[in-house]
Structure formats: C-alpha cells, structure tokens
Amino acid sequence: MIPGTTFVYEGESEGEAIRDEVFVTNETRTVMGVDTVVVRDREFEDGELVEETFDWYAQDKDGNVWYFGEDSREYEDEELVSTAGSWEAGVNGAQPGIIMEGNPQIGDTYRQEYLAGEAEDMAEVVSLNESVSVTYGSFEDCLKTKEWTLLEPGIEENKYYAAGTGLLLEMTVKGESERLELVDITTE
1365 MIPGTTFVYE
1375 GESEGEAIRD
1385 EVFVTNETRT
1395 VMGVDTVVVR
1405 DREFEDGELV
1415 EETFDWYAQD
1425 KDGNVWYFGE
1435 DSREYEDEEL
1445 VSTAGSWEAG
1455 VNGAQPGIIM
1465 EGNPQIGDTY
1475 RQEYLAGEAE
1485 DMAEVVSLNE
1495 SVSVTYGSFE
1505 DCLKTKEWTL
1515 LEPGIEENKY
1525 YAAGTGLLLE
1535 MTVKGESERL
1545 ELVDITTE
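Written as structure tokens, this is what we have:
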C-alpha cells in the first residue's frame, strides 16, 4: 500500500451504477499498539456519495495484511444517516482480522474482521491460478477468494486479486447482484 495511490472501481449493484474510490493516505493510526495505514474508501451510486470509510491496515513480517477496523459513514442526499459497521480492534471485544494472507493456500479460511453482531466477515482461498480481465488490464495467476458474513446469510461473493496490483474484481455469486472491477490506478 503506497501512500498517494488511488484505486478506482466501477460496476453495478442492483441495477445502479456504482463507483468506488480507494485512496491510500499518508496518515497512520495506532490501534492495539500497532501503527496502521489509513485508507479512505468512498462509494458512489449514480454519482452520489453513499458511503465513506476510513479503514486501518498493517502488514506483519510474514506478509499478512491485517485489518484493524474502520470508521464507517453512510449518507443519503449528502446527509450522514449512519455509522453502523464502524469498529476498532481492542474495543468492545473487537478483534483484528486478516484481509490478505502473506502465503495463501487453497482451502485457507480466515476471519477478516470481528465485532460480534456488527462485523463478522470471513474469507476462503478458492484458487491461486485464475485468469482475470478487467478494464484496467488482463492478469494471470490471480488469487480467488469466496467471502461471506454470518450477518447476511445467503449472500456470497468472489474476489480476485493480482500480486503487485491488489483487488481486480468482486462479484456476488449468491444473493443480491453486484459486480465491481478495477478501471484505474493513479499515484499522486
């Protein structure tokens, strides 16, 4: 995660155009004694900001990328309507999770985030050699994960990652219809 980098994703959710802008800030936040990188994630539906989160990540010596929490804000008509989904590791029983393993193996299952009743995302490594083409480019030997949460039974999505690039594509395979793909990467 290089500060100043913006990843832009576009797609569709339940028939609405969505755009997601993920910006790696140069800010840090200490969570549970660990210095994390702050990443701002802004989601737009039909051009209108609907969610903004500030996520906190850190990488360990084995290459695992840990997720230490998020400050989440949902908007309607430019007004803040909810902070549901916000959590911080070490507060109220919340625990950090792994967002990306340093050495993923098929069948690995791990918790991405945990705050009982609020944030319970899980992932499983499904494949290590997928071919993926998105607007940004074509990639080989991609990692494919299956992701779900016990808080929303019946919804499952697949995500595809390329080494050196990161998330390329996410799409639901069970439940509501959503597809989001990488269209651009810029660096300040």
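The working numbering runs 1364 ahead of the 1-based position in the sequence shown. C-beta: ideal position from N, C-alpha, C; glycine also. Only a predicted model underlies this, so the values are computations on that prediction, with no experimental measurement involved.
Cβ pair residue i, residue j closer than 8 Å
i, j, result
"Glu-1374", "Glu-1545", "yes"
"Thr-1551", "Thr-1392", "no"
"Thr-1509", "Glu-1488", "yes"
"Gly-1454", "Glu-1477", "no"
"Glu-1434", "Phe-1408", "no"
"Glu-1494", "Tyr-1524", "yes"
"Arg-1437", "Glu-1452", "no"
"Val-1490", "Leu-1533", "no"
"Ser-1515", "Leu-1492", "Correcting the residue identity first, residue 1515 is Leu in this sequence and not Ser. The answer is no: Cβ separation not under 8 Å."
"Thr-1400", "Trp-1420", "yes"
"Tyr-1500", "Ile-1463", "no"
Beta-bridge partners of residue i, as assigned by DSSP
i, result
"Ile-1553", "In the structure as shown, the chain begins at 1365 and stops at 1552. Residue 1553 is therefore absent and cannot be evaluated."
"Ile-1382", "Gly-1375, Glu-1409"
"Glu-1416", "Arg-1406, Arg-1437"
"Ile-1470", "BP columns for Ile-1470 are empty, so no partner."
"Ala-1422", "Trp-1430"
"Ile-1549", "Phe-1371"
"Ser-1446", "Glu-1438"
"Val-1398", "Val-1395"
For residue i, the nearest candidate out of the options (CA to CA)
i, options, result
"Glu-1378", "Asp-1405, Asp-1410, Glu-1488", "Asp-1410"
"Phe-1371", "Trp-1451, Val-1403, Glu-1540", "Val-1403"
"Pro-1367", "Leu-1413, Val-1388, Ala-1381, Arg-1437", "Val-1388"
"Tyr-1474", "Leu-1531, Ala-1458, Met-1486", "Met-1486"
"Asp-1472", "Glu-1511, Asn-1456, Met-1396", "Glu-1511"
"Ser-1556", "Ser-1502, Gln-1459, Asn-1390", "Missing from the structure shown is residue 1556; the chain here goes from 1365 to 1552 and no further."
"Gly-1539", "Asn-1522, Leu-1413, Asp-1405, Asn-1390", "Asn-1522"
"Met-1396", "Leu-1531, Val-1496, Asn-1456", "Asn-1456"
"Val-1398", "Glu-1440, Leu-1413, Ala-1422", "Ala-1422"
"Val-1537", "Gly-1518, Gly-1528, Val-1547, Thr-1529", "Gly-1518"
"Leu-1413", "Met-1535, Gly-1481, Glu-1385, Asn-1390", "Glu-1385"
"Ala-1526", "Val-1496, Ala-1381, Val-1547, Gly-1481", "Val-1496"
"Ala-1483", "Ser-1502, Glu-1443, Val-1445, Phe-1432", "Phe-1432"
"Arg-1406", "Asp-1424, Arg-1383, Leu-1531, Asn-1390", "Arg-1383"
Cβ of residue i within 8 Å of any chain C Cβ
i, result
"Gln-1423", "Considering every chain present, this structure includes no chain C. It has just one protein chain."
Task: Inter-stretch contact (C-beta, 8 Å, three-pair minimum) for the segment 1419 to 1439 and the segment 1466 to 1474 - done: yes
Task: Runs of beta strand (DSSP E) wholly within the segment 1484 to 1545 (minimum 3 residues, chain order) - done: Taking 3 residues as the minimum length, the beta strand (DSSP E) runs contained wholly in the segment 1484 to 1545 are 1485 to 1498, 1501 to 1513, 1520 to 1526, 1530 to 1538, in order along the chain.
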